[in-house]
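Please read the structure below before turning to the comments.
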């Protein structure tokens, strides 16, 4: 093998997806001579488009080209370009393209010290200082995806058996049933069954397009805590305020995520990208979900014994728990006092709800 060439090639699996359009647009932007290839000079322009304080040394660009140019042609074709963008060893260099969607949802973090432990592993040493990763793909954000898949599978199974209104065989096991309050798991598992396609789709949209990015920034366990806090609050509130109704759907958890994120938008308004658009989108989703629920119950007279108090309770839980659990990208002294107050209030309400369910027996005479 000629001197200076690597003895191993980086192999990144590439499957055609809608993201190809995004990468093609980026590829064409830097392919200045429109020959369908990225040259050495064009590659250097891509890297330096991040507005480094200093030009990269040529040996660093050589190393990047060597890793990405799998056929040793001296140029990068489109597939090599996309593979380069997904190369974990080059995440610190090209991660800003992947991060754009995350940045549009999550407020920008203020300047902090970047240490070797918080940076992605890479073969390159150069001064960065202007770019900090606000997200992480490891561990992968799969919790909201997993929950969504379970919800889809359960819904399809019941639909195959002829029912999409939370009366199928799966729904009967997991739905919150006021006649079976002693089966405590139902206070959480009702989130896995849904009343109708629209109800399911709205929840899936929020879980995937808001929940997954939140996982990538705040870590999966924080987002799941907020989500489950909303689910639990929704069932407890429904059991107390409307003790004769059933409860189905993930709206308690979904509204917890929406409320927590709306609070983040408002508190970080000047630091958010497209803050007003995000606010309107999530308010529109909430309006569609609640509007559909009200229409089904009071106009179509569908699922008249299904409760929707969980929406409000989930939103309140999201505000209270989200303040303390989701990572604060810019900490202030007064926020720590607010955090303790919010957590204390949440647990006070939850304990009161549990005790009422146990001891206020006359409330649940059906």
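In my numbering, the protein residues as written are 16 to 381. Even glycine gets a Cβ: it sits at the ideal position worked out from N, Cα and C.
Here the alpha carbons of residue 236 and residue 155 stand approximately 12 Å from one another.
By the criterion of a C-beta distance shorter than 6 Å, residue 251 is surrounded in its chain by 368, once the five residues flanking it on both sides are discounted. Residue 242 has its alpha-carbon roughly 12 Å from the corresponding atom of residue 276.
DSSP assignment within the stretch 201-274 yields the following whole alpha helix (DSSP H) runs of 4 residues or more, N-terminal first: 201-204, 212-221, 227-233, 235-256. Looking at the DSSP output, residue 53 shares a beta bridge with 91.
Contact annotation: residue 332 and residue 263 have beta-carbon atoms that are not nearer than 8 Å. Burial of residue 201 is indicated by the presence of at least 16 other C-beta atoms within 10 angstroms of its C-beta. Counting along the chain, residue 355 sits inside the alpha helix (DSSP H) bounded by residues 348-374.
Between the stretch 347-362 and the stretch 169-179, the count of Cβ pairs shorter than 8 Å is below three; the stretches do not touch. For residue 228 and residue 272, the gap between their C-alpha atoms comes out near 11 Å. Nearest to residue 255 by alpha-carbon distance, out of 324, 297, 221, is 324. In the three-state scheme derived from DSSP, where H, G and I count as helix and E and B as strand, residue 313 is classed as helix. For residue 274, same chain residues with a beta-carbon under 6 Å away, outside a window of 5 residues either side, are 330, 333, 334 in chain order. DSSP lists 262 as the bridge partner or partners of residue 191. Distance check between residue 357 and each of 81, 203, 244, 46 places 244 closest, using alpha-carbon atoms only. Excluding residues up to 5 positions away in sequence, 92, 93 lie with their Cβ nearer than 8 Å to the Cβ of residue 51 in the same chain. Here residue 180 carries a strand assignment [DSSP, helix/strand/coil].
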